[in-house]
Every structure is written in structure tokens, then in C-alpha cells.
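Accompanying notes for the structure given below.
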Amino acid sequence: MQLARRLGAWCVVAAVLAPAPVARGFHIVVSDAASRAGVALLQERGHRVVETGPLGPAELAKHEDADAVIVASSTKVTAEYMGQAKNLRVVGRAGAGLDNIDTAFAAESGIAVVRAGDGTVSAASVAELAFMHMLALSRRGLPGHASIAANTWKRRDFVGSSLTGKHLGIVGLGRIGKQVASRAAAFGMRVSALARDGSTASGDGDGIARLDFESLLRESDVISIHCPLTPETTNIFDAAAFDKMKASALLVNCGRGGVVDEEALLHALREGKIAGAGLDVLRKEGGPELERHVVELAELPNCFITPHLGASTYEAADEVAFQVAEATLAALEGAVVSPGA
Numbered sequence: 000m001q002l003a004r005r006l007g008a009w010c011v012v013a014a015v016l017a018p019a020p021v022a023r024g025f026h027i028v029v030s031d032a033a034s035r036a037g038v039a040l041l042q043e044r045g046h047r048v049v050e051t052g053p054l055g056p057a058e059l060a061k062h063e064d065a066d067a068v069i070v071a072s073s074t075k076v077t078a079e080y081m082g083q084a085k086n087l088r089v090v091g092r093a094g095a096g097l098d099n100i101d102t103a104f105a106a107e108s109g110i111a112v113v114r115a116g117d118g119t120v121s122a123a124s125v126a127e128l129a130f131m132h133m134l135a136l137s138r139r140g141l142p143g144h145a146s147i148a149a150n151t152w153k154r155r156d157f158v159g160s161s162l163t164g165k166h167l168g169i170v171g172l173g174r175i176g177k178q179v180a181s182r183a184a185a186f187g188m189r190v191s192a193l194a195r196d197g198s199t200a201s202g203d204g205d206g207i208a209r210l211d212f213e214s215l216l217r218e219s220d221v222i223s224i225h226c227p228l229t230p231e232t233t234n235i236f237d238a239a240a241f242d243k244m245k246a247s248a249l250l251v252n253c254g255r256g257g258v259v260d261e262e263a264l265l266h267a268l269r270e271g272k273i274a275g276a277g278l279d280v281l282r283k284e285g286g287p288e289l290e291r292h293v294v295e296l297a298e299l300p301n302c303f304i305t306p307h308l309g310a311s312t313y314e315a316a317d318e319v320a321f322q323v324a325e326a327t328l329a330a331l332e333g334a335v336v337s338p339g340a
């Protein structure tokens, strides 16, 4: 417990008590690691580590004798796998979201689910990327670059807008949202956030006004999304939402794919209902080909898409890998874990 807290690792717990301690030398599968910092730590502690790339269901099933699996976003840890993995005690998530882990089944089965801790570096990395999207869109960086690549100089065609003095609406004022808010203040932006409980008062003494969803849509010059994907947030940015936004507004999603209705966004951009959009996450990621509407979005001069690069920095990868390795070991070795740990 103290070790987990010291390193900032916190756990989303499927079992309030991790399984009882067993002999050293756990078998741990690490899938799609962006950094070897965690693998090195596990090996230094004397555990048998199997490193793999992203695993599909059939490939993951070959590792049914693992004591723990640590995954990024690409590998799905399903009820079917956990049901057949008789030695499985812990599932570690090298990242924030738990969309790819059946946490309900884990809870029923006494399997602890842990993830990286406060993620100060990774949260900063996502916030930086959100501002990269905002700046690329507001200053028309992409079409400006394309004009140079086409061997032309059309400076007057790419007059942009300043972020200074603009109203930023944040949907999801968690770790990452707060990092975005602090950077927005440095840009001289006015910041509001979506109220989660209906209250429109500033919360936690942070001085950030809370707005209901419709007010945030109507008043914001830029909206930055950092909320989880839940049944309540799925497709909340749909055609009706875009109709309420300013025609000059920018939408940035560095949170979760599925929060934005991508087909409705394509229509809104084509029809000039909003001025631009930056996406780092998509409803469907990976696979041999992108969905057709995503390609059409990327072809627009006012849409900027990156392949889920939010926390893809060397610094963030090291931090996350180390923290999730420590949290996994703490759970395997019988530490008491809780949502606040």
C-alpha cells in the first residue's frame, strides 16, 4: 500500500483485497509495451516476463497460465479469457482508460484490475497534444504547410485566429482536463468546464466556472474533450450538439473515441456549422484500413487527425510503464488496494 502510494500508483479494484501472497517468480505477460521501464523492473524483481505485441483473442488465449497480464489499449482482456486463465490474479492497464478490460467480470472473479497512478507526465503530454491541435487549427497550420509543399506562397490565404481571449470549454475536468486548463490560463483564455452534477458554481476552489452542456456548446470558442467513454457520453457531440455551437468554434477530442459522432462531425465541417476539429482518438482504431468517413475527415483542410498520440512521449511511456508494473506487483504480493490507493 505504502509502495503504491509512494509511486503514485492507484488501483481500480475488482477485488478489495488482492489475492493472497504466493511464491516469488510470477509469470507476467506484457502486451504492446511502449517502454521497457516496467519490463526491466519486473525482471529485476525475479519474475518471468513474456513480452508480446498487441494480442487478439486467440493469441491472448495462448497465455492462459499467466499470473498477471499488463496491456495497453490494443489488447482486449475479455471475460472469456479471464474465465480460462485459472492462474490470473491481476490485470494491469498501461494507461488511463479501462474500455478494453471487462472490469465487471474481473470483480466477480476476484481478479484485481490496476492501472498507472496519477500520471503527471502522461497527463501533461495529452494536454500538450490538445494545444497542438488547437494551434494547428486556429492558426491554419495544416493548409499553410500544404501550400508550401505545393510550391506556392500564399500567406494572405491563411490568416488565423488567436487563442488569447477566447473561451475554452472543457468536457472532463480530471487530471488531463486540469492540465489543459492551466495551459489555457497561460494563453490568456477564459476557461469553463462541463458541470457533472448540475451545479454551475466553481468547484474545488479552482476558479473555473461550471456550465451545463447546452451553455458550454453555445458559449465556447474552443471545446476540448477529456472525458471517459460511458453510455452517457457516447455520441454526445452529435448533429444536435454541432447545431448549437458557434460557426467559428473549434472542437478537439484527445479523450475517447465514440464521444463524438464522426459522421455528424463530417457533415458539420462540410456545412460550416463549426470551423474546425482536431481528433486524436477515433471510434474505431487500428485495423488494416480506416473507416471511409475518417479518410474523408482527414481530407478536409479544417480537420486535423493524429493516431492516438496523446501520451505517446518517451517520458510518459516510462512513467506509465513503471507505475503499472509497481501496481501489478503490489496486487500480486497481497497489498490491500482500493480506488483511492
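Take the sequence shown: its letter number 168 is residue 167 in numbering that gives the first Met the number 0, and every next letter is one higher. No residue lacks a Cβ here, since even glycine has one placed at the ideal position from N, Cα and C. The structure displayed is predicted, hence computed values, not measured ones.
Closest option to A183, judged by alpha-carbon separation, among A324, V29, L215 and I222: I222. Pairing D237 with A274 gives a Cβ-Cβ distance that is not under 8 Å.
DSSP, reduced to helix, strand and coil, places V125 within a helical segment of the structure shown. Under the 10 Å beta carbon count, E284 is surrounded by fewer than 16 other beta carbons and is classified as exposed.
Nearest in C-alpha terms to M133, of all of A194, P53, R195 and V251, is V251. Using a Cβ-Cβ distance cut-off of 8 Å, the stretch 131–145 and the stretch 101–109 are not in contact, since fewer than three pairs of beta carbons, one from each stretch, lie closer than that value. Note that the C-beta distance between Q322 and G45 is not below 8 Å. Partner residues in the beta bridge of F303, as assigned by DSSP, are G277. Straight-line measurement puts the Cα of G256 at about 4 Å from the Cα of R282. A distance below 8 Å between beta-carbons, with the five flanking residues on each side excluded, links Q83 to the following residues of its chain, in chain order: A60 and E63. Your pair S30 and I69 checks out as a contact, with CB atoms roughly 7 Å apart and the cut at 8 Å.
Residues of the same chain with a CB within less than 7 Å of the CB of I175, apart from the 5 flanking positions on each side, are A122, V125, A126 and H225 in chain order. Counted as a single uninterrupted DSSP element, the alpha helix (DSSP H) harbouring S214 occupies residues F212 to E218.
Of the residues assessed, G286 falls on the exposed side of the cut-off, its CB having fewer than 16 other CB atoms within 10 angstroms. Nearest C-alpha to V258 among H26, V89, D98 and G37: D98. A straight-line Cα-Cα distance of about 44 Å links M81 and G206. Non-local beta-carbon contacts of R217 in its own chain, meaning distances under 8 Å to residues more than five positions away in sequence, involve K243, M244 and K245 in chain order. Apart from sequence neighbours up to five positions away, the residues of its chain that approach G159 with a beta-carbon distance below 6 Å are S137, R138 and R139, ordered along the chain. Membership of G168 in the beta strand (DSSP E) is indicated by the continuous run H166 to V170.
Measuring C-alpha to C-alpha distances from D279 to each of F303, T77 and H266 identifies F303 as the nearest.
T77 and D101 have their C-alpha atoms roughly 5 Å apart. In the structure shown, F236 adopts extended strand secondary structure according to DSSP, grouped into three states.
In this structure, DSSP gives T327 a helical state, which the three-state scheme calls helix. Counting along the chain, E43 sits inside the alpha helix (DSSP H) bounded by residues A36 to E43.
Its Cα nearest to that of L87, the residue I27 stands out among T51, A315 and I27. Annotation: S311 is outside any alpha helix (DSSP H) and is labelled neither H nor E by DSSP.
Straight through space, the alpha carbons of D220 and L167 are spaced by roughly 6 Å. The closest CA to that of F25, considering only E50, A67, G37 and L54, is found on A67.
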